[in-house]
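J.: Going by my numbering, 81 is the number at position 81 of the sequence shown; the sequence numbering is gapless. Let me begin by handing over the structure; questions about it come next.
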Amino acid sequence: MKFFIGCDHGGYSVKSKVIQILESLGNEVKDLGTHSNQSVDYPDYAHKVCKSILSTPGSNGILICGTGIGMSITANRYKGIRAALCTDSYTASITKQHNNSNVLCFGQRVVGMGVIEDMLRAWCKSEFEAGRHQARVEKIENIT
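Encoded structure:
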């Protein structure tokens with residue numbers, strides 16, 4: 001699976017570990033920044049990741065900031081992006097199964113590395129169940 005990852009300064013210190021985990025699970029990861037812990041604006045990196053996902057069918061994204069809130073708000077402005085702010089492996093798994101999420105967001109200041117690893121593994125191994133959930137996802141996509 002192809003992943004695009006982006007973060008602001010609030011997520012920078014865990015980004016390299018997240019990339020390692022994703023790659024260990026057999027995924028290809030493209031790092032879109034930031035590349036230091038100097039203060040930057042989170043929407044710039046959410047935009048990069050979302051635009052890359054929308055131009056690369058079948059790809060997914062990871063967005064990390066201090067809380068994950070700003071990244072998820074920004075990402076969900078894009079038609080075709082279903083970004084989920086998660087804090088545990090259960091919500092990470094369910095958002096893929098029921099909402100067909102294509103972006104996982106989380107906050108470095110909110111969850112520790114053990115929880116992050118559990119969320120990544122749960123999200124990557126989960127699959128969209130479609131069925132009754134398909135119509136709901138279509139309703140989300142058809143919002144004008």
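C-beta atoms are modelled at their ideal positions from N, C-alpha and C, and glycine is treated no differently.
#1: Ignore the nearest five residues each way along the sequence and tell me which others in Thr67's own chain have a CB closer than 7 Å to its CB.
#2: Is it the case that the region 29-42 contacts the region 94-104, given that we only count it when at least three CB pairs across the two stretches are under 8 Å?
#3: Does DSSP classify Lys79 as helix, strand or coil?
#4: Is the Cβ-Cβ distance between Met71 and Leu54 less than 9 Å?
#5: Is Ser59 closer than 9 Å to Phe3 when the C-beta atoms are compared?
#6: Between the alpha carbons of Ala83 and Gly112, how many angstroms are there, rounded?
#7: Taking the alpha helix (DSSP H) that Val115 falls in, what are its first and last residues?
#8: Taking the Cβ atom as the reference point for each residue, do Ile81 and Cys50 lie within a distance shorter than 9 Å?
#9: At 3 residues or longer, and completely inside the region 19-83: list those beta strand (DSSP E) runs for me, N to C.
#10: Closest to Leu32 by C-alpha separation, out of Gly26, Arg136 and Ala46, would be which residue?
#11: Is the CB-CB distance between Ile140 and Val14 below 9 Å?
#12: Closer than 8 Å by C-beta to Met151: which residues in its own chain qualify, once you throw out the five before and the five after it? Chain order, please.
#13: As a quick exercise: from Gln38, Val137, Asp88 and Ile62, pick the residue whose alpha carbon is nearest that of Gly114.
#14: With DSSP collapsed to three states, give me the class of Ile143.
#15: Based on Cα-Cα distance, which residue from Arg77, Lys17 and Thr34 lies nearest to Asp118?
T.: Checking against the coordinates, here is how it stands:
#1: The answer, listed in chain order, is Gly107, Arg109 and Val110.
#2: Not touching, per the Cβ criterion.
#3: Lys79 falls in the coil class under three-state DSSP.
#4: No, the Cβ-Cβ distance between Met71 and Leu54 is not below 9 Å.
#5: It is a contact, given that the beta carbons lie within the stated cut-off.
#6: C-alpha of Ala83 to C-alpha of Gly112: approximately 20 Å in a straight line.
#7: Start and end: Met113 to Lys125.
#8: Their beta carbons are under 9 Å apart, which means Ile81 touches Cys50 by this criterion.
#9: Correct list: 28-31 and 60-65.
#10: Closest option to Leu32, Cα to Cα, is Ala46.
#11: No, the pair does not count as a contact, with Cβ atoms beyond the cut-off.
#12: With the chain represented from 1 up to 144, any question about residue 151 goes unanswered, as that position is not in the structure.
#13: If we check each option's Cα against that of Gly114, Asp88 comes out closest.
#14: Here Ile143 carries a coil assignment [DSSP, helix/strand/coil].
#15: The shortest C-alpha separation from Asp118 is found at Lys17.
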